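For reference, the structure discussed in these notes is given below.
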Amino acid sequence: ANANASARSNVNAAKAASNAASNAASNANAASNANASASKAASGASSSSNASAASNANAPKTASTEGNGAGFNGYVVDSNNFGSVSKDESYEQYKKNSDNEADSIIAELREQERLERQDVERARSAERNEETLQPVLHTSSNKKLRDAAEKIKVEEAKRKAKEAEKVKKENEKAMKNAARASKRASKPKKEMSNKQLYALAFIIPLGLMVIIYAFLKIYPFGDNVYLRCDSWHQYAPFFGELWEKIRAGGSFTYSWNIGMGTNFSAIIPYYLASPIDWLIFIFPKDDILEVISYIIALKVAASSLTCTIYLTKHFRTKRLSTIAFGLMYAMSAYMAGYVWNNMWLDVIIMLPIVFLGLEKLVFEDSCLLYALSLGFSIFSNYYIGIILCISCVLYYIVLILIYNVRDHKSLLPRFKYVNGERVDLPPEGIHRPAASDIEEGPLTVGMFFKKTFRFGFYSLIGGMCGAVMILPEAYALSLSASGQSSFPKSLSEYYPLIETFARHLFNVPTAISGYLPSLYCGIVILLLVPLYIIDKRVNLREKVVKVALLLFFILSFDLNVPDYIWHGFHFPNCLPSRQSFVYVFILVVIGYEVIRDLMYFEAKDLLGAFGIVLLFIVYTDSKFSGSDIYTTSVIFSSLGFVVLYLALMFLYRTARMKSKKVMKRVVTVVAFVVVSAELTYNMGNNMSLGCASRSGYLRDNKGVDAVVDYAEQLTPDEFYRIEKFNGYRTRNDGAWSNYRSTSVFTSITNYEVEKLFGKLGLLKGGNSYGFGGATPVTASLLGVKYEISNSVLKESSHLTYVYGEDGELLYQNNDALPIGFMIKSADSFDFNSSYNVIDAQNDLMQNLTGISDIFTYMGNLNADNCEIVPTADQYILVVVRNNSDCKTLYANINGETTTFNYLDTDNMICNLGFAHLGDEITVTGSSRPDLLVYSMSVEKLTEAMNSLKAGGLAVTKFSDTKIEGSVNAPEGGTMMFTIPYDEGWSVYVDGKKADTYSIRGAFIGVDMTAGSHDVKLKYTPKGLSAGFIITIIALVLIVILALLYRVKRTNKGSYYNMPGIIRLFV
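If you read the sequence shown in the numbering used here, its first letter stands for residue 92, the second for the next number, and so on.
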């Protein structure tokens, strides 16, 4: 009985051990399945985090071919997200893949069922073995054998129990891992918000610009400011004039401080219309220079921001790589070379937004963003706005041509790598407007005409927004040298076409003169463009259209006719290819599209692109060997960056394929740092040419301001002009120092006045004229009553010293004429232009006054050292003949030397000043001069000017736009006003409006009878009133259209009840 009980106990123990083994095997299998589920859940969460992580918790997790779309890989694809694809070949492929995936899952489930059956069989076998053991134990008489068997059974039971406990712990651990994976799958992946992304897109380039400024020692890091070329001569002085008008409340339509009088409402559209520029008034005037420098930095950062916004909206992404490509746009060679033209930068900032609005107009019938952004751009700077308008036409054509293929990439397969294995992903889909009135399907003829009508209509509204700027500017330009240009008679090439491609290399100097464009925007672009061409994921039509657009730009850089059209039907004076920023933007967009598809390129594709770029660089090196532009450093540094970017591309692909997240992030960060460093160095190196001394620019501010204020105190109610006899900074010093001057340098300079100045021996050049070369005759005719000098001048009855402070001396011209005076007729203001400039002045004064030979010819000198001996106390003047190569003249009078520069213009006059009998005068030049020497009689000058003063206008009141006074005309004739001719001026004689006309095309004339008359002049810019009305109409239309769009979005019934003509606009 004891033996039987023991046997039964042993049998039960064996059964328990068998059950434990079975449970252990089952638990192990469950743990394995749990781990597999966890892995699959984690994989699903990772693969779909950007587009509904684990696909929105409600997405089916089994393979299915039912519902809205074809299911595969644990996803259900909603074909409504990307349009109808029932007939698309790729859709059939997806369905086939879905079926294969389902079969695979079913086979896996059957295999799992087979393994479970094997576990059951093993358990049953263990139970049978235990039953056969029982008789042996029962009949055995050997106690030792029985004890050993029992010991074996106990040890075996303990071992199996330990194994079961181990399996149980592993099972619990697997379940916890599965739970964590499921929680991660259900939790949406954290993404950077738009605000964070856009903040970085602005802050990073701003920080890089500050670094550049620090290295260039731009204030406050040193004494430099960023003033280059026109920003020194024009922009800073015009900012000074704007500052004075804002602070003092002056008129924004006219300025006496620029070129004897200038239409300021035409200066603003060209130079000062940017809203951010008007913030200068909150700073002290002495800080304007550094404010300009940092406005430039802010606008560079804003350009990066808007480009990033475009990339995120256009490609529907929030990747940090968009910031890198925003930097490529904002810190391109175009910006590095032309960024000192800060008034252009607003349009460059707005270009991505305008193109984004144009895409919305074409694809979503949403038009307001396009109209508003285009209108703001034209308002901010009409000139670059012309380039923007032409670009919009080209881009609209591109969008229409690719309209039917814009969903192409949304239907293409995608994949990613998980644990080194490729995992297929669903297509992206294209966001389509939900409104039922948005057309689906291919572009029809009716749709084309409707979209083209809207494009034209909203483009017109954008242009109307800028009418208040455009119309006054158009009239001013018609009076300038720009109005004299004509369309090219034949097509010609500027340079070898291959050189256009060489302009994409790293650290190529930007071209200020000549014809070469500035096209560099990062060396990585050289690799990305060939990859774009071979990218199979880009629809062939779209690829051909966009590459054709790039080629059109490249040809337009090199050919004169498109160059003429691009620049507003005018050839630019320096700064070639001003439209190249549009080309750069298109390159950046194409490059980003390739970067997004980088995983889909094979190694041979990357090596092929590298081979193409390598051949191009080698050919450029051989073609331009010995060039000062494409130097060895340019070639090898460009090649080095190409190799570096190629290596980074391979490392990135490796990291993605092997699912090495840390490595991928490191490569991404390194690539971003390399791009930033490359762009920063290129921009800083090119900007270094534009640094100027802040203290040097401001050196005479205190002295000039003091003598100008003193002159104002002497004659507070008198209209007069002031000029610098020497030491002038620019031809716009009157604008900077706030005094009425005769000199000017602008793009709207009156062409006829410029010609007149040149024929009378005064300084003149492209779009400029000035006081340089003035004689006592021309100074008096132009009403220059005070002259500022930084050296002592010889006094005479004509010129007397008045005041001096801080190295600046004020002299009074006692023969200066008022702003208006009587002459016999308009024809009397004439002279023989074939004479040299001094003889021309003699001829003019004889015609005006009847007094001849104010100047007397003393002889011709042509020697290295020319000695002049005065025959009396008299003014000595020399004319530098235009057949002389002498560009600088040095006049030594009694040991004091005066220098005259920039003498390479026609027959330039050098006024040596008043000399006394017996003075020793020696003249030398930078090369052997050819001089005509004249003396001038002060007595005859005074007599002539007094005769003209007798019929002069006595000004009683004046402002920026009005002059009032009286005249006692000794006889009838013409009253001439030394104001540049402008139809905006109206003259009233005794309260009646008089007919005005031009004198030699330069000055204003009006008929006047003998006797006393009250005269009033009033200025209203031509085109300003009409432009203002048109701009207001455009703004009202925008408000009305915005309200209609709101109705369209919120109340479809009301919208469809509107007349069809209204619905055509919205």
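Beta carbons are placed, not taken as given, at the ideal position from N, Cα and C, and that holds for glycine.
Source: prediction; values computed, not measured.
In terms of DSSP beta bridges, what is residue i paired with?
i, result
"leucine 650", "Glu584"
"tryptophan 1076", "Tyr1110"
"cysteine 782", "Tyr317"
"asparagine 432", "According to DSSP, asparagine 432 bridges with nothing at all."
"glutamine 903", "Tyr877 and Thr891"
"asparagine 1059", "Ser1103"
"isoleucine 1090", "Phe1094"
"valine 1046", "Gly1056"
"methionine 1066", "Met913 and Val1097"
"asparagine 354", "Tyr345"
Identify whether residue i lies in helix, strand or coil by the three-state DSSP scheme.
i, result
"isoleucine 414", "helix"
"aspartate 696", "helix"
"isoleucine 371", "helix"
"arginine 812", "strand"
"glutamine 461", "Residue identity check: residue 461 is tyrosine in the sequence provided, not glutamine. Helix, per DSSP."
"isoleucine 1012", "strand"
"lysine 751", "coil"
"alanine 364", "coil"
"proline 563", "helix"
"phenylalanine 163", "Note that phenylalanine 163 scores 34 on pLDDT, short of 50, meaning its location in the model is unreliable; the coordinates nonetheless yield the value given after this. The answer is strand: DSSP assigns phenylalanine 163 an E or B state."
"cysteine 957", "strand"
"serine 1026", "strand"
"serine 170", "Low local confidence applies: a pLDDT of 36 at serine 170 is under 50, so the model's placement there is unreliable, with the coordinate-based value given in what follows. In the structure shown, serine 170 sits in a helix (DSSP, three-state: H, G or I)."
"isoleucine 309", "strand"
"alanine 125", "Its pLDDT being 40, under 50, alanine 125 is placed unreliably in this model, and the value from its coordinates should be taken loosely. Alanine 125: helix per DSSP, three-state reduction."
"threonine 601", "coil"
"valine 835", "strand"
"serine 1202", "Given that the chain is displayed from residue 92 to residue 1157, the structure contains no residue 1202 and the question cannot be resolved."
"asparagine 268", "helix"
What first and last residue would you give for the alpha helix (DSSP H) that runs through residue i?
i, result
"alanine 797", "792 to 805"
"asparagine 983", "Note, asparagine 983: premise wrong, no alpha helix (DSSP H); beta strand (DSSP E) at 980 to 984."
"lysine 404", "379 to 406"
"glycine 1004", "Taken as a continuous stretch (DSSP letters only), glycine 1004 belongs to no alpha helix (DSSP H), being part of the beta strand (DSSP E) at 999 to 1006."
"glycine 682", "671 to 687"
"phenylalanine 1119", "1115 to 1141"
"serine 871", "867 to 872"
"serine 482", "473 to 492"
"serine 924", "Looking at the DSSP string, serine 924 is not in any alpha helix (DSSP H), and its letter there is neither H nor E."
Between which two residues does the beta strand (DSSP E) holding residue i run?
i, result
"asparagine 951", "946 to 952"
"valine 971", "965 to 971"
"threonine 940", "Looking at the DSSP string, threonine 940 is not in any beta strand (DSSP E); the run it does join, the alpha helix (DSSP H), is 928 to 940."
"serine 991", "The residue you asked about is not serine; residue 991 is phenylalanine in the sequence shown. Its beta strand (DSSP E) spans residues 987 to 991."
"leucine 854", "854 to 856"
"lysine 1084", "1083 to 1085"
Buried or exposed for residue i, going by 16 or more other Cβ atoms inside 10 Å?
i, result
"glutamine 932", "buried"
"cysteine 612", "buried"
"tyrosine 1147", "exposed"
"threonine 762", "In the sequence as presented, threonine is not what sits at residue 762; that position holds alanine. The residue in question, alanine 762, is buried, as its Cβ has 16 or more Cβ neighbours within 10 Å."
"phenylalanine 355", "buried"
"asparagine 829", "buried"
"phenylalanine 727", "exposed"
"serine 1017", "exposed"
"phenylalanine 922", "buried"
"isoleucine 1152", "exposed"
If I'm right that residue i touches residue j with Cβ under 8 Å, what's the distance once you round it to whole angstroms?
i, j, result
"asparagine 348", "alanine 826", "5 Å"
"isoleucine 303", "glycine 861", "Isoleucine 303 to glycine 861, Cβ: 34 Å. No contact."
"valine 798", "glutamate 899", "5 Å"
"asparagine 938", "serine 919", "5 Å"
"leucine 459", "tyrosine 1136", "6 Å"
"leucine 53", "asparagine 841", "Nothing can be reported for residue 53: it is not among the residues displayed for the chain, which extend from 92 to 1157."
"leucine 288", "lysine 409", "6 Å"
"asparagine 651", "proline 579", "5 Å"
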